[in-house]
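Colleague: The numbering of the sequence shown is our numbering, which starts it at 5 and goes up by one. Sharing a structure here in structure tokens format.
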Amino acid sequence: MTPQPLTADESPSALGRRRAWFGLVVLMLPVILVSMDFSVLYLAMPTIAQALHPSATQELWILDVYGFLIAGLLMTMGNLGDRIGRRRILLIGAAVFGIASVAAAFAPNAAFLIGARALMGIGGATLMPASLSLIANMFPHPADRARAIGIWTAAFAGGAAIGPVIGGFLLHHYWWGVVFLINVPVIAALFVFAPFLLPEYRARSTHPFDILGVVLSLLGILPIVYAVKDAAAEGISIRSVVIGLFGATMIWLFLRHQKRTPAPLVNLRLFSSAAFSACIAVALFGMMAQGGMAYLTNVYLQSVQEYDVLAAALAGIPMAITIAVFSVAAARVARFMGVRRALTLSLLLAAAGNLGILSLGVHSPLWIFLVLTAISGIGYGIQFALVSDVVVGSAPPEQSGAASGVSETSFELGTALGLALFGSLATAVFLGHSDGRFADSLGETLDHVGTDSPVALAAKQAFVDGMHAAALAGGIALLVLSVVVAYVMRGKDAVR
């Protein structure tokens, strides 16, 4: 059934243009928080381990449960926001996120911290699709919306980049709980300004909420994410294969259900649009390449080049800057050369940065790494902003929250798959050079033999070879995708 017309208080026309841009600043706050909390905990984990003494399994759950629940609930929360109100779900999620952050900061043991991180994931899953779909209401003009989404994407990239830097500074002066407490003042600011600057929007429908779709989506996405992360950490095993197949089966049942239900969680007709489908593929494969190489190059900087954690985090800033700048500039690039050519160019630039990793060796100067990742950042910034813009623009206004959830889920799955597939490829090459001399990872090997022994030098070279293999695979995947996008998006090069 077609949703009923919006009420007067829900109309985006009630917002002046200036008020909309101030509202965008408010929407950037939760985006920065969500992206920071993905990266900041990697720095804090050693300190948390000393304080709470988690088991190895508990450590993995502290790190991963947040991302698991965000990935599994994005589509559900996007659809729920369309129904009960996007501003409302944003504030509900922010409240949950803030309360969980305080609980995490004062967690007395590892089990409590895992529960608090899970609650943060539930809250965080509401923030991304709600904020992105609200942009569609606040900026009805395509040019303004594209620019706003570019700024939104830049905020996400900036949060991921400054997370380790801020975390390193705070951990140097305070106890580990402060990395969670920094969320509280940001959440407080959101509650102060959001009611005045953000519009409310909800689509009215007489159909009941698709509970079965929610259950099937969770039973599909969560096992798949778990399986790929397990395969990345422990290697491919019967357990990971069985869990992955179960998740794939549930996704198949979910898609069948979505075709039949009168009020689906995801409108599958959106995928009949070549632009929408191509952008979802770009989100998936782009994040696979970016996520996989971000992990491997971080190990490269710390274990091969022997930079400390904070220095490695600072080395990621040039890429974050180019992602942020070209996220904002993506709309202008698309107006100049068309969406199809802009997306194709972005994939080629990302591929060039990935393939350039092949030039890095054990003793390469840092500036080469900085240049290559900055080039990749140009490509990723353009493609991630355009993907979000096209996905939101392709959906009817009453379904933009659900569409945002689909694109964000693709980003999350892409990150997990990149870590699993490219990480596993690099590990396989590393162990293939071992001849029984290395432990299961470079870090363990260096712990056993030191950093300057002949075995250590051989292990570092073996890791670099593995990183090269992953970079080559990622670069080829991006090149192939650029050809596919150029073909399927023919006719999408009109100036925006």
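Here a beta-carbon is modelled for each residue, glycine too, at the ideal position from N, C-alpha and C.
Taking the CB atoms as reference points, tell me whether Phe-101 and Ile-36 lie closer together than 8 angstroms.
Modeller: Within the sequence shown, the letter at position 97 stands for residue 101. Within the sequence shown, the letter at position 32 stands for residue 36. Against a cut-off of 8 angstroms, the Cβ pair of Ile-36 and Phe-101 comes out as no contact.
Colleague: Return the first residue and the last residue of the alpha helix (DSSP H) that Leu-269 is part of.
Modeller: Sequence index remark: in the sequence shown, residue 269 carries index 265 (1-based). Taken as a continuous stretch (DSSP letters only), Leu-269 belongs to no alpha helix (DSSP H), as it is neither H nor E.
Colleague: Where does the unbroken alpha helix (DSSP H) through Glu-298 begin, and where does it stop?
Modeller: Looking up residue 298 in the sequence shown gives position 294. Sequence check: residue 298 is Ala here, not Glu. Per DSSP, Ala-298 belongs to the alpha helix (DSSP H) from 278 to 303.
Colleague: Could you check which residue in Asp-148, Ala-114, Val-329, Pro-58 has the C-alpha nearest to that of Asp-393?
Modeller: For the purposes of this step, residue 393 is taken as the residue at position 389 of the sequence shown. Comparing Cα-Cα distances from Asp-393 to each of Asp-148, Ala-114, Val-329, Pro-58, the minimum goes to Asp-148.
Colleague: Of all the options Met-291, Ala-316, Leu-45, Leu-123, which has the alpha carbon lying nearest to the alpha carbon of Val-182?
Modeller: Locating residue 182 in the sequence shown gives position 178, counting from the first residue. Closest by alpha carbon: Leu-45.
Colleague: Thinking C-alpha only, which one of Leu-446, Asp-469, Gly-470 is nearest Val-531?
Modeller: In this structure the chain extends from 5 to 500, so residue 531 is not present and cannot be described.
Colleague: Could you say which of Leu-390, His-452, Val-487, Ala-475 lies nearest to Gly-154 if we only look at CA atoms?
Modeller: Counting from one through the sequence shown, the residue named residue 154 turns up at place 150. Per the Cα distances, Leu-390.
Colleague: Mind reading off the beta-carbon distance from Leu-351 to Val-489? Whole number of angstroms is fine, and I expect it under 8 angstroms.
Modeller: Translated into positions along the sequence shown, residue 351 becomes position 347. Translated into positions along the sequence shown, residue 489 becomes position 485. Leu-351 to Val-489, Cβ: 6 angstroms. Contact.
Colleague: Which complete alpha helix (DSSP H) runs does the segment 404 to 449 hold, if anything under 4 residues is left out?
Modeller: For the segment 404 to 449, whole alpha helix (DSSP H) runs of length 4 or above, ordered along the chain, are 404 to 436.
Colleague: Using 8 angstroms as the threshold, is the C-beta distance between Phe-26 and Ala-108 below it?
Modeller: In the sequence shown, residue 26 corresponds to position 22, counting from 1. In the sequence shown, residue 108 corresponds to position 104, counting from 1. The answer is no: Cβ separation not under 8 angstroms.
Colleague: According to DSSP, is Val-366 helix, strand or coil?
Modeller: Locating residue 366 in the sequence shown gives position 362, counting from the first residue. In this structure, Val-366 counts as coil in the three-state DSSP scheme.
Colleague: Mark Trp-371 as exposed unless 16 or more other C-beta atoms lie within 10 angstroms of its C-beta, in which case mark it buried.
Modeller: Along the sequence shown, read from residue 1 onward, the residue named residue 371 stands at position 367. By the neighbour-count rule (16 or more Cβ atoms within 10 Å), Trp-371 is not buried but exposed.
Colleague: Return the Cβ separation of Ala-418 and Gly-290 in integer angstroms, given the expectation that the two are a contact with Cβ distance under 8 angstroms.
Modeller: Counting from one through the sequence shown, the residue named residue 418 turns up at place 414. Counting from one through the sequence shown, the residue named residue 290 turns up at place 286. Reading the sequence as shown, one finds Gly at residue 418 and not Ala. At roughly 7 angstroms, the Cβ-Cβ gap stays under 8 angstroms, so Gly-418 and Gly-290 are in contact.
Colleague: Would the C-beta of Val-35 count as close to the ligand GTP, meaning under 7 angstroms from any of its heavy atoms?
Modeller: Ligands in the displayed structure: none, and consequently the ligand GTP is not present.
Colleague: Go ahead and pull the three-state DSSP assignment for Gln-309.
Modeller: By 1-based counting over the sequence shown, the position of residue 309 is 305. Correct three-state label for Gln-309: coil.
Colleague: On the CB-based measure, 16 or more other CB atoms within 10 Å of its CB, does Ala-159 come out buried or exposed?
Modeller: What you label residue 159 is simply residue 155 of the sequence shown in a count that begins at 1. Burial call: buried.
Colleague: At what residues does the alpha helix (DSSP H) containing Met-493 begin and finish?
Modeller: The residue labelled residue 493 in the question sits at position 489 within the sequence shown. Here Met-493 belongs to no alpha helix (DSSP H), and DSSP marks it neither H nor E.
Colleague: Would you tell me roughly how many angstroms separate the C-alpha atoms of Phe-72 and Asn-302, rounded to the nearest one?
Modeller: By one-based count along the sequence shown, residue 72 stands at place 68. By one-based count along the sequence shown, residue 302 stands at place 298. Those two C-alpha atoms are separated by around 22 angstroms.
Colleague: Give me the Cβ distance between Leu-202 and Leu-288, rounded to the nearest whole Å; I'm assuming they're in contact under 8 angstroms.
Modeller: Residue numbering aside, residue 202 sits at position 198 when the sequence shown is read from its first letter. Residue numbering aside, residue 288 sits at position 284 when the sequence shown is read from its first letter. About 30 angstroms; that fails the 8 angstroms criterion.
Colleague: Which residue from Leu-220, Gln-294, Gly-357, Thr-51 puts its Cα closest to that of Leu-174?
Modeller: Position 170 of the sequence shown, counted from the start, is the residue given in the question as residue 174. Measuring from the Cα of Leu-174, the nearest candidate turns out to be Thr-51.
Colleague: Using 10 angstroms around the beta-carbon of Arg-21, count the other beta-carbons present and answer buried if the total reaches 16, otherwise exposed.
Modeller: Stepping through the sequence shown from its first residue, residue 21 is reached at position 17. The residue is exposed, with fewer than 16 neighbouring Cβ atoms inside 10 Å.
Colleague: For a quick check, are the C-beta atoms of Val-468 and Leu-364 less than 8 angstroms apart?
Modeller: Counted from its first residue, the sequence shown places residue 468 at position 464. Counted from its first residue, the sequence shown places residue 364 at position 360. Yes, these two residues count as a Cβ contact at 8 angstroms.
Colleague: Distance check for Leu-249 and Asn-113, CA to CA, integer angstroms please.
Modeller: On the sequence shown, residue 113 is found 109 positions in, with the first residue counted as 1. On the sequence shown, residue 249 is found 245 positions in, with the first residue counted as 1. One C-alpha to the other measures close to 34 angstroms.
Colleague: From Ile-325 to Ala-161, what distance separates their C-alpha atoms?
Modeller: On the sequence shown, position 321 is the one that residue 325 refers to. On the sequence shown, position 157 is the one that residue 161 refers to. One C-alpha to the other measures close to 8 angstroms.
Colleague: Around the Cβ of Ser-457, are there at least 16 other Cβ atoms within 10 angstroms (buried) or fewer (exposed)?
Modeller: As a working mapping, residue 457 is identified with position 453 in the sequence shown. Exposed is the call here.
Colleague: Hey, Gly-85 and Leu-222: beta-carbon distance below 8 angstroms or not?
Modeller: By one-based count along the sequence shown, residue 85 stands at place 81. By one-based count along the sequence shown, residue 222 stands at place 218. No.
Colleague: Once DSSP output is grouped into helix, strand and coil, what is the label at Trp-371?
Modeller: To locate residue 371, count along the sequence shown from 1; it is residue 367. The answer is helix: DSSP assigns Trp-371 an H, G or I state.
Colleague: Where does Glu-416 land, buried or exposed, given buried means 16+ other C-beta within 10 angstroms?
Modeller: One-based indexing of the sequence shown puts residue 416 at position 412. The residue is buried, with at least 16 neighbouring Cβ atoms inside 10 Å.
Colleague: Using C-beta distances below 7 angstroms, list every residue in its chain close to Leu-220, excluding the 5 sequence neighbours before and after it, in chain order.
Modeller: The residue you call residue 220 lines up with position 216 of the sequence shown. Around Leu-220: Met-254, Leu-257, Phe-258, His-261.
Colleague: Helix, strand or coil: which one does DSSP assign to Ser-457?
Modeller: The residue labelled residue 457 in the question sits at position 453 within the sequence shown. Ser-457 falls in the coil class under three-state DSSP.
Colleague: Can you give me the C-alpha to C-alpha distance between Ile-96 and Pro-322, rounded to a whole angstrom?
Modeller: Translated into the one-based positions of the sequence shown, residue 96 becomes position 92. Translated into the one-based positions of the sequence shown, residue 322 becomes position 318. So the two alpha carbons sit approximately 35 angstroms from each other.
Colleague: Measuring alpha carbon to alpha carbon, tell me which of Thr-431, Glu-448, Tyr-491 ends up nearest Ala-466.
Modeller: Locating residue 466 in the sequence shown gives position 462, where the first residue counts as 1. The option with the nearest alpha carbon to Ala-466 is Thr-431.
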